[in-house]
Every structure is written in C-alpha cells, then in structure tokens.
Amino acid sequence: TDSLAAIADWFKENWKESRKPRVAYLTADNPAGKSIEIPQMQKYLEKIGYEFVGRQYVPLVPTTPPTTQLMWLKENRVDLTLGFMINPGGQPTIKEAVRLGMGPHLPYKIVFGFATPMHLQVFLPAMGELGEGVVVGGSFPAWDEDCPGMKFIHELFKKYRPTYTPPTKVPHVMYMAGIVEAMIQLEAIRLAMEQVPFEKLRPVDVLEKGLWRIKNLDTGGLTNTPLTYGPKKVEGIDACRVDQVRGGKQVKVGLYPLRHIY
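With the numbering used here applied, the sequence shown corresponds to residues 1 to 262, in that order.
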C-alpha cells in the first residue's frame, strides 16, 4: 500500500488537467493482490484528490490475455491503475494493454502502476519497448545506477563471478535484497556485541540490543533511504522511490514519504 501510495503521489504531482484523475485497482486475484483493498488505501487516494472508480482482478499467472479487465478500464475512463502483480502476471497484462493501444504514449492515455514484486530489473529485459511507461514503487536501483551500493555489488560480481558480463548477464534483482539483508544483520550483530560478549550472544540480544539500535544505516543507495529500526519502527526506510520505464531504461522519477497505510 505504501508503494502504491507513492505512485499515486507522483502521478497526482504531475497531473495537468483540471478534473480529478480517475484511479482503479488492477491487481492479482490472490490474497497478496487483494491485500491492497483496505479502507485506509481508498481514503488516502480520495484525500489527495483522486476519484476512485473500482477494481479489476487478473489471475496471478494469466492463461489468457486479460482483455475484459483492460477494456473495463477503458470504458470507465481510468487514468491510473494501482496493483500487486508478479512479473508472470504483469508482463502479459501489459502486452495485452499495448495491443489495445493503452499506455501513457499510446492512443488511450493510462499509466499502469505496480508494487515491488513487479521489479523493473526483471520486467525490462523481458518486455523491451513494450514496457514503456510502466511504473513501479518501492524497488531497488537499476543495475547501472550510479550509487556506491551498486558499485559495491558490481565489485562483488567481478570478484566472485568471473563470467559476469554486465549488462548482458546479471543475477536476479533479489541479489540486491540479499546484500541489504547482510548489511542489516552484520550491523545488528556488531551493535549487540557492544553490550554482550560474543560467546553469550542470544538471538533476542541481536534483536533488542542490535537491530533496534540501528540508526541511519547507509546502504549506499540500495534502499530508498538509510535504515533506522526500533520496537515500533519496522519498515527501516522513511520514503519510497518510484521508477518508470522511459526509453527502454529504468528511470527514478521521485522519492515520496511513507504514508503508513495499513
């Protein structure tokens, strides 16, 4: 929900017409996809100036093109969709949308927005120019983004993966998630050992004397913001990045505060 709220913030910030933009959910027909359907989400969209139109569901992995769902968006004059899909669902959905002439650069103007499972690092190589205009909230940097964290990852690739040849052969995007996880765990253990000797360290110590004491952990840009944790602060980050496919590239278009919609 916070990833989608960030997309909604970005879209509204760039809206040029005098009328309210019309938004609908286009999401996976499974518990994860429907988890965005909470009253707080719709209220936030209406609060910031959207007209909420309704919802359409697509199978998690479609076996036929979701033509009916996309035509419903057209018939209801939807400007922005928000949803949770994985790439095996999002890719065929966007392919069908392009066939129907739907997209920010196509005859029917609409932007398709997705939460993080639709990582553009996976989506772009598979979709090419068909993915133009698709937006994802809360993901990781592009493989070629100029930030210290990505430089560190490329150094690891070159050291431990001799066959690595960017950009033609890269690991899955969750490699970035693994590096971030390692950073967090190492920092939590380091902080815990400031108060508890290694030989006496327990998991609860790593949590309470380690993780909860992490403040402004710099990941070199791999996370949307530096990480801060505590008993009542589980997200770590304070803001959500928004990326869009532009000219065949993953482009960071904004960074928006977490709205804590849950």
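Cβ atoms here follow ideal geometry from the backbone N, Cα and C, with glycine treated the same way. Bear in mind that the values here come from a model prediction, so they are computed numbers and not experimental data.
query, result
"Endpoints, beta strand (DSSP E) assigned at Tyr175", "Careful: Tyr175 lies outside any beta strand (DSSP E), inside the alpha helix (DSSP H) at 174-192."
"Among Leu222, Pro226, Gly236, Gly230, nearest to Lys252 - alpha-carbon criterion", "Leu222"
"DSSP-derived helix/strand/coil call for Arg55", "strand"
"Of the listed residues Leu124, Ile214, Gly248, nearest to Lys232 (C-alpha basis)", "Ile214"
"Distance CB(Met176)-CB(Gly138) smaller than 9 Å", "no"
"Nearest residue (CA-CA) to Thr81, options Arg99, Thr68, Gln56, His105", "Gln56"
"C-alpha distance - Leu26 paired with Lys34, whole-angstrom precision", "10 Å"
"Contact under 9 Å by Cβ, Ile94 with Gly131", "yes"
"Close-in-space but distant-in-sequence residues of the same chain around Ala239 (CB under 7 Å, 5 per side omitted)", "Asn224, Thr225, Leu255, Tyr256, Pro257, Leu258"
"Cβ pair Leu227, Leu217 closer than 9 Å", "yes"
"Under 9 Å between C-beta atoms of Gly210 and Glu187", "yes"
"Alpha-carbon spacing of Arg99 relative to His105, whole angstroms", "13 Å"
"Phe114 - containing beta strand (DSSP E), residue span", "111-114"
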